[in-house]
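Positions 3 to 403 (the numbering used here) are the ones given, in order, by the sequence shown.
Note that the Cβ used here is the ideal one computed from N, Cα and C, for glycine as well.
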Amino acid sequence: MSVDLTPLEADMTAWRRHIHQHPELGFHEQDTVRFILDLLESFGVDEVATGIGGTGIVATIRAGTSSRAIGIRADIDALPMTELAESDHKSCTPGVMHACGHDGHTTMLLGAAKHLAATRNFDGAVHLIFQPAEESLGYQGPGGDPDGGASAMIRDGLFDRFPMDAIFGIHNRPGIAAGKLAGRAGALYAAADKFEIVVSGKGGHAARPHLTVDPVLVAAHIIVAVQSIVARNTDPMDAAVVSICKVEAGTAFNIIADEARLGGTVRTLSRASQDATERRLREIVTGIAASFGATADLHYERGYPALHNPADLYASVRDIAIGIVGPDRFVDLDAPGMGGEDFARYLDVVPGCFLLLGNGDEGPGSVMLHNSHYAYDDSISPTGAALWVALTETFLPKHMP
3 MSVDLTPLEA DMTAWRRHIH QHPELGFHEQ DTVRFILDLL ESFGVDEVAT GIGGTGIVAT
63 IRAGTSSRAI GIRADIDALP MTELAESDHK SCTPGVMHAC GHDGHTTMLL GAAKHLAATR
123 NFDGAVHLIF QPAEESLGYQ GPGGDPDGGA SAMIRDGLFD RFPMDAIFGI HNRPGIAAGK
183 LAGRAGALYA AADKFEIVVS GKGGHAARPH LTVDPVLVAA HIIVAVQSIV ARNTDPMDAA
243 VVSICKVEAG TAFNIIADEA RLGGTVRTLS RASQDATERR LREIVTGIAA SFGATADLHY
303 ERGYPALHNP ADLYASVRDI AIGIVGPDRF VDLDAPGMGG EDFARYLDVV PGCFLLLGNG
363 DEGPGSVMLH NSHYAYDDSI SPTGAALWVA LTETFLPKHM P
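Printed below as a string of C-alpha cells:
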C-alpha cells in the first residue's frame, strides 16, 4: 500500500519543534497535552478522553460500521537532561529535554490523526493513545507511577473503556539510516529491572581497619562478583546484562563508613533468565556480605517485561512497512536490543507489534538516545505517520463487516 504524507512534513516539523522546545517530565506533560488537544480538535477527531493514567489522552476516529478497533500509541514525556546540541528549537526548560525522540513519536501520530480524520478510508475505530511517562523506570517524576505510564493507563481502564483487537507502537533508532523501518519477530527489547543493595558494616578510623567491618570493601567484592552472573550463570544463547551504575559511601578520606549503597539494572530476554538472575544476585550479595561479617539487603524491583513481537502479527506489519518504504529500506534485525520499553505492558493484555524507524546512521541523527547531543531527524516523521495510516487501512479494511 502506497501512502505519501510528505505534504504534511512542514506541519509535522513545526509541531515537533514546538514540543521539543517545551519538554515536560513524566506525568507532568500539561502543556504538551494542551498542545495535542488543540490540534486534535482542529483535525475533527470524533472523541477525545483525557486524564487517563494521569496525563494520558485517547483520541478516537471512527468510520463505517465495523466493531473492529485498533490502538496506536505514542509516548509524550521528556527526560531530566540538559540539552547541549544547539538549534533554533533547543529546549527552553532548564534540565529537561526530549533526548529520546518522544516529541517525534507524538508528531507521527498527530500527522496520522490529521490524515485519517480527513480521509476515513477504513471501517472501524482507531484509538490514538498519547501516553505519559514512558521513561518512568529510569526517572521517577514527582507524583508519578514507578511502573510507568503504560501501567497507569491500563489500571485506569484503557482497554476496558477502549476495547481494541491489537495495539501498535514505534520508536526512532539512531544507527539505522534515516527513514528505514526495522523489526524482528520474537524478542525486540529486554525486560528492565532495577535494584539497590545496602551493605551494612561497622565504621571507624581508617588507620584501624582491623576494628571495623568495611562496607566499601564488601561492596567492591560484590561489584566484581555479580559479573559472574552473566559470565558463568547465564546461557550464552539467552542474553542478559547486569550493570551496577551507582556507588555511594563515606563522608571523608580517613573515615571507614558504616554503610555503602549500590544501584543498578538487570536486562533479560526471557522470564527464566530474569528469575535466575534475580535469585543469583541475591545469593551473591548476601553470601559475600556474610563472609566479611557484614550484612546486605537487596531491594529488587521488576520493571517492564521483555517486549516480544508475535510472529504472525509481525509478518503482517512487516509487509505493510515494506509497502511504505520498499524492500530495500526494511531492516530485519538479527538480535534484540537490551533496552526496556513499557509498550510491553500493553502486550500482556492485547496482541500487538512494535517497530523501529531509523533516525540516521551518520551525523547528528546517529547520536545515541538519552544523550545530551541527541537530535531527532524531522524528515522521518512522514514515514512513521504513513505507516500508521497504512496499518489502519489494512487492519480495518472497508469491506469487513
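Taking C-alpha atoms, which residue in F255, S230 and F170 lies nearest to R460? Any property of residue 460 remains undetermined from this structure, which presents the chain solely from 3 to 403.
Determine the extent of the alpha helix (DSSP H) in which I224 is found, giving its start and end residues. Here the alpha helix (DSSP H) through I224 covers P217 to A227.
Limits of the alpha helix (DSSP H) - the one that E285 falls within: Start and end: R273 to S293.
Neighbour-count burial assignment, R175, 16 or more Cβ in a 10 Å radius: Label assigned to R175: buried.
Can you tell me the Cα-Cα spacing of K182 and D336, whole angstroms? D336 has its alpha-carbon roughly 16 Å from the corresponding atom of K182.
Across which residues does DSSP place C355 in a beta bridge pair? Looking at the DSSP assignment, C355 forms a beta bridge with F170.
Pick out the complete beta strand (DSSP E) segments inside the stretch 326-400, 3 residues or longer, and give them in chain order. Note on the stretch 326-400: whole beta strand (DSSP E) runs with a minimum of 3 residues are 332-334 and 354-362, in chain order.
Could you tell me which of N361, G342, C355 and F397 sits nearest to Y191, measuring between CA atoms? Selected option, being the one with the closest Cα: G342.
With a threshold of 16 other CB atoms inside 10 Å of the CB of S374, please say whether the residue is buried or exposed. By the 10 Å Cβ count, S374 comes out exposed.
Run through DSSP, which three-state label would F197 get? Note: F197 maps to strand in three-state DSSP.
Considering only the beta carbon of each residue, do H91 and H30 sit closer than 8 Å? No, the pair does not count as a contact, with Cβ atoms beyond the cut-off.
Okay, do the stretch 306-315 and the stretch 251-264 touch, 3+ Cβ pairs below 8 Å being the bar? These segments do not touch.
Close-in-space but distant-in-sequence residues of the same chain around A392 (CB under 6 Å, 5 per side omitted): The beta carbon of A392 is closer than 6 Å to those of M3, V5, I322 and I326 in its chain, skipping five residues each way along the sequence.
Taking the alpha-carbon of H104 as reference, which of M83, V243 and E136 has the nearest alpha-carbon? It is E136.
Which of helix, strand or coil does DSSP assign to L10? In the three-state reduction of the DSSP assignment, L10 falls in the helix class.
First through last residue of the beta strand (DSSP E) which encompasses E49: E49 to I54 is the span of the beta strand (DSSP E), which, as asked, contains E49.
Taking three-plus beta-carbon pairs below 8 Å as touching, is the stretch 368-384 in contact with the stretch 203-212? Contact between the stretch 368-384 and the stretch 203-212 is absent, because fewer than three Cβ pairs lie under 8 Å.
A168 to R347 span [Cα, whole Å]: When the Cα atoms are used, A168 and R347 turn out to be separated by approximately 13 Å.
Candidates L160, A377, Q276 and G339, of which the one nearest V351 by Cα: For V351, the nearest C-alpha among the options comes from L160.
Look at the alpha carbon of L86 and the alpha carbon of V60, and state the distance between them as a whole number of angstroms. If you take the alpha carbons of L86 and V60, they lie about 33 Å apart.
Taking the CB atoms as reference points, tell me whether A80 and E26 lie closer together than 8 Å. For the 8 Å CB-CB criterion, A80 and E26 form a contact.
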